[in-house]
Every structure is written in structure tokens, then in C-alpha cells.
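Chemist:
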RNA sequence: GGCGUCGUACCCAAGUGGUUUAAGGGACCGGUUUGCAAAACCGUUAUUCGUCGGUUCGAAUCCGACCGACGCCUCCA
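In this note's numbering, the protein residues as written are 168 to 624.
1) For residue 216, I'd like the list of residues in its chain whose CB is within less than 7 Å of its CB, leaving aside the five on either flank, ordered along the chain.
2) Taking Cβ positions, are residue 200 and residue 260 nearer each other than 9 Å?
3) With the cut-off set at 9 Å, would you say residue 561 and residue 206 are in Cβ contact?
4) If I follow the unbroken alpha helix (DSSP H) through residue 207, where does it start and stop?
5) Does DSSP put residue 194 in a helix, a strand or coil?
6) State the DSSP-derived secondary structure class of residue 621, mapped to helix, strand or coil.
7) Apart from the five residues just before and just after residue 519, which ones in its own chain have a Cβ nearer than 6 Å to its Cβ?
8) Grouping DSSP H, G and I as helix and E and B as strand, with all else coil, what is residue 303?
9) On the DSSP bridge list, what partners appear for residue 391?
10) Taking residue 258 as the reference, which of 282, 453 and 170 has the closest Cα?
11) Using the DSSP secondary-structure output, state which residues sit across from residue 367 in a beta bridge.
12) Of all the options 481, 400 and 461, which has the alpha carbon lying nearest to the alpha carbon of residue 512?
13) Could you tell me whether the Cβ atoms of residue 211 and residue 392 are closer together than 9 Å?
14) Quick check on residue 416: does DSSP put it in helix, strand or coil?
15) Considering only their Cβ atoms, is the gap separating residue 515 from residue 180 smaller than 9 Å?
16) Skipping 5 residues on each side, what residues in its chain have a beta carbon closer than 8 Å to that of residue 300?
17) Should residue 168 be labelled buried (16 or more other beta-carbon atoms within 10 Å of its own) or exposed?
18) Apart from the five residues just before and just after residue 549, which ones in its own chain have a Cβ nearer than 7 Å to its Cβ?
19) Going by DSSP in three states, residue 323 sits in which element: helix, strand or coil?
20) My assumption, with CB atoms under 8 Å, is that residue 270 sits in contact with residue 481. Please give the rounded CB distance.
21) Counting only the same chain and skipping the five closest in sequence on each side, list residues whose C-beta sits under 6 Å from that of residue 228.
22) Mind checking residue 345: buried by the 16 CB within 10 Å criterion, or exposed?
23) Measure how close the beta-carbons of residue 411 and residue 369 come, nearest whole angstrom, since I'm counting them as under 8 Å.
24) Since residue 473 and residue 457 should fall inside the 8 Å C-beta cutoff, what is the C-beta to C-beta distance between them, to a whole number of angstroms?
25) Residue 589 to residue 609, Cα distance in whole Å?
26) Is DSSP giving residue 332 helix, strand or coil here?
27) Helix, strand or coil for residue 402? Go by DSSP, reduced to three states.
28) Applying the 10 Å Cβ sphere with the 16-neighbour rule, what's the burial state of residue 382?
29) According to the neighbour-count rule (16 or more other Cβ atoms, all chains shown, within 10 Å of its Cβ), is residue 517 buried or exposed?
30) Rounded to whole angstroms, what is the Cα-Cα separation between residue 423 and residue 174?
31) Report, in whole angstroms, the separation of the C-beta atoms of residue 285 and residue 193, which I expect to be a contact under 8 Å.
32) Just the Cα atoms here: how many angstroms apart are residue 187 and residue 387?
33) If you draw a straight line from the C-alpha of residue 362 to the C-alpha of residue 437, how long is it?
34) Who pairs with residue 386 in a beta bridge, going by DSSP?
35) Give me the Cβ distance between residue 348 and residue 308, rounded to the nearest whole Å; I'm assuming they're in contact under 8 Å.
36) Closer than 8 Å is the cut-off here; do at least three beta carbon pairs connect the segment 483-502 with the segment 522-542?
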């Protein structure tokens, strides 16, 4: 099955067709670096990674960008509150974003452009819009004139009542948006010089110009959180499309929110959970699986119970994987029908829950054969291929570390003693040693091939 | 107020016209196995998909109304 993606432009699943044959260019709206990101932010970032990996699975070479918004009102607020510098705040949280991304196995992007490094281009871009009568100046602010761009409203129906005037900024039209913000006293030394005076670029212009500079304003796929659909993405594309007369992006993908008690998790509502806290408590593999365990276009409510269930799922996969001698480098990805079902699910608009279902059905089938001792070489090979395929997308297994290799000496000794006791049929001693092992945070299982020690769940 | 999304078992969650008289995970209960556990395996758990109508040979899937939840229209992943 060819890759299908739900395009927000048409509100339909569409067969994906790239601009050039092999290479796909994607851009995702990244974090505003003024705060530690919460788990909801990372739902979207992990979704970008999923898209990237599925594109690669389909044989595409990807060129990805996720921007760093490092000029913004909230950042300036923090700079003023903490009496520090812009760079100090933004570099701290940019680093935290990149580290958490790595920890959640998000593949590195080709570009992580910072808005502050493109201000010159932004000023030129705004000037070009003014020259084309697509923007106008008002008290040192520059606004995009949506009346000059009749196609405005690709993501929403702009209704008549929205045309009421908003006099606060003396805009011509309520939906005219800021390209350049005139400097305010509270901005301190955070400003750039332009022909229209001191100020700084607006958010929508930042993304538009980074895309223009890196990708010549022409993308295969633009993605972001659902809340950015309007006005951010509307405005982003309006600027580029009004000026360049072609689509900014052929596909627009929007990820739904992670909610907290059925309400959107957000920094402004204060109902968010830190990613780092969550990773520390549950492990990054569990958090990653949790974020991928629901389809990206459905709302998800956060709960610890779900994370606990994901942990159990991972344990089940690991137990299955331990049946095989995995040398992941030497597994040739030769797909059979079982694998194709998994790929089909992913190609059907990144249906991760469907793909997980296919994988678990396969595990069940193989486990049955293992229990009956009827598993053959072909099954084993299929299993290895499936494990590798699964991990190429979900990336929650460490094949080199499936067997807990670092067993402390103390435990090794206990295992030897227990082995001895079992040999002597001294169940009382054997069980007391088992209790001791458990009290140390490990657990021992007796299998036909001997004792199997693992970290306690 | 305008625009939009969603409502599937005890919980989570796929499926969006016939291969599904509804995947997969968790939980529960019964069984096989085991010295006992654990794990694994087998079986059971929605004749039903918010409610009521309609279209169709056929609907969880399409249409309408209603009820309920949420989002966007202001910063937001």
C-alpha cells in the first residue's frame, strides 16, 4: 500500500506524492524556548519523528527542519523577570529540548534554525511584502493585509463577523497580523533596527522566512500541533503564497493534543507535566510508546495508568525478543505478508495503534508455537525481521541489552546458591533465596533452560 | 456566536459501506504447565459500536436530528 496522509488542506487522506522523486522536505513548528517542554509538546515532536521514520521506511530520503523560536513575548517577559539575557534563557531551554529529543529517540533533524539568526532575511522579506502592497505600516508595526490576498482562509471559513475592526492596533482588518512589532519599553535591549524603526519580527514571519531560506519556501509536508492550524499556519502560508505565488506546502499534518483531565495541557493553564519528570519515573521507552500508542489525530488524556500499561507491553515484547539471538546488524529486512500488514497500517496515515496490533498478533502466534515447541527457522527469521522492523519505527528496544548483563556479584552468588538448593530439592531454601533476590529489586524465573534473572518491574 | 473534531467492551484503543456476527493492549475469571511461583499457552468477557430516525440488498462506517465531551476563532505542540 502506498503512503497515505491526512491533509488538513482537504480534510481527507491523500496518497502522498513528493515534489521530487526521492527526496522529501518537511518542516515542523518547534518549541518556544522559555520553559521546560511538557509531555504534550513532545507528543507533537515524537509525531514528527514518526513521520520522518515512515517516510524513510518508504524509501524516501528526508530533509527535516524543526525550528527554535527564540524571540517571543514570553521569552522577553522571562528575561525581564529574571534580569538575565535573552541568550542565556534561550540556550538553556534549547539544550533541554535537544537532550529530551535525544532521550525520546527522536532522530536528529537536518536543520534546527533559530529565529534570531534569520532576522536580516525577515526584514528583507517584510520589505518585499510591503513593496507588493501586501503589507502596510501603522505606528511602527507592519501588518499583513489580508484584503490584498483573497485566498486567505485556507484552513478556516472566515466569516463576516470577523471583519469587525480591532482598533487597539489600528489594523485595517481584524485578521491582519503582525509581521513586525515596534519596540516597546519593556523590550529593553531586545530589538533589531529596520527601515520602519526598532522592533522585532512577528512569529508567523519567523517560520515563513526560515522555510523560505532553507527550502526556498517550498515544502512537501508542513506539520505542527492542531492549535497552530489557525492562525499560525494560515498566516505563515499566506505570506509565502502571496509573494511567491505557489503553495508553501503540499501537505499539512496536524497532531492532536494531549489533554489533562479532558482539558488541553498547556503552559498557560498550568496543568502540564514535565517530560523529564516523566522519563525519570517511567523510562524514556515507556514514554515514547505511550506517545505513539494512540493515533496522532485523536485526543489523548494523560494518565499514569496508560504509562503502566505501556511498560507491560514493552516487557512482553522484550520477553518475546529474548527467545532469539538478535544480531540486529545482520538481519536482512526481507518482508513477508505479516510485515506488510504492519507497514500498511503505518502507511495508512501513520496508524501506530493499528501497527502495534499487528505486531502483537504476530507475537501471540509465535509464542504459541514456542510453547508447543513447533517454531521453525522460517518463523525465527520472520520474528527477527519483525523485531527489527518494529524497532525501526518505535525504537523502544535495545537489542544489545535485552539480557541484563550487569548482574551484581551478590546476585550472581545468590543464583548459584539457589541453583544448588534446587538441585538438592531444598525448596524452602530456594524460595527464601528467591525472596532475598526480590528484596534486592530483581526477580528470578525458572525456565526449562534454568534460572532467568531480570530487573523487577 | 462562528468554525471544527470526537463519542466503540470494566479501562485504553484500531476499524469509517460487505473478508469484522468489531483488531490489539491492560484488567478479571477458569484451565494447561510448574515443587511453588513467574512467564508462556488455551478458554471466557461488545449479537454490539452515545440516542432516535433515514438511505441501502447490506451501516459502527453514509445522511439528519438530538444528547454529551473537547478544540480553534487571543499566546499555545
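Note that beta-carbon positions come from the ideal geometry of N, C-alpha and C, so glycine has one too.
Modeler: Result, derived from the coordinates:
1) Result list for residue 216: 273 and 274, in chain order.
2) yes
3) Using a Cβ distance threshold of 9 Å, residue 561 and residue 206 do not count as a contacting pair.
4) 206-224
5) strand
6) Correct three-state label for residue 621: strand.
7) 459
8) strand
9) 421
10) 282
11) Per DSSP, 348.
12) 461
13) yes
14) strand
15) yes
16) 312 and 315
17) exposed
18) 503 and 505
19) The three-state secondary structure of residue 323, taken from DSSP, is coil.
20) With a Cβ gap of about 16 Å, residue 270 and residue 481 do not count as contacting.
21) 189 and 190
22) Buried, by the Cβ-count rule.
23) Not quite, the Cβ-Cβ distance comes to about 19 Å (not below 8 Å), so this is no contact.
24) 6 Å
25) 19 Å
26) Note that residue 332 scores a pLDDT of 45, beneath 50, so its modelled location is shaky; the value from the coordinates is reported in the next line. Of the three classes helix, strand and coil, the one that applies to residue 332 here is coil, per DSSP.
27) helix
28) buried
29) buried
30) 14 Å
31) Not a contact, Cβ separation roughly 18 Å.
32) 9 Å
33) 39 Å
34) 416
35) Between residue 348 and residue 308, the beta carbon gap of about 6 Å places them in contact (Cβ cut-off 8 Å).
36) yes
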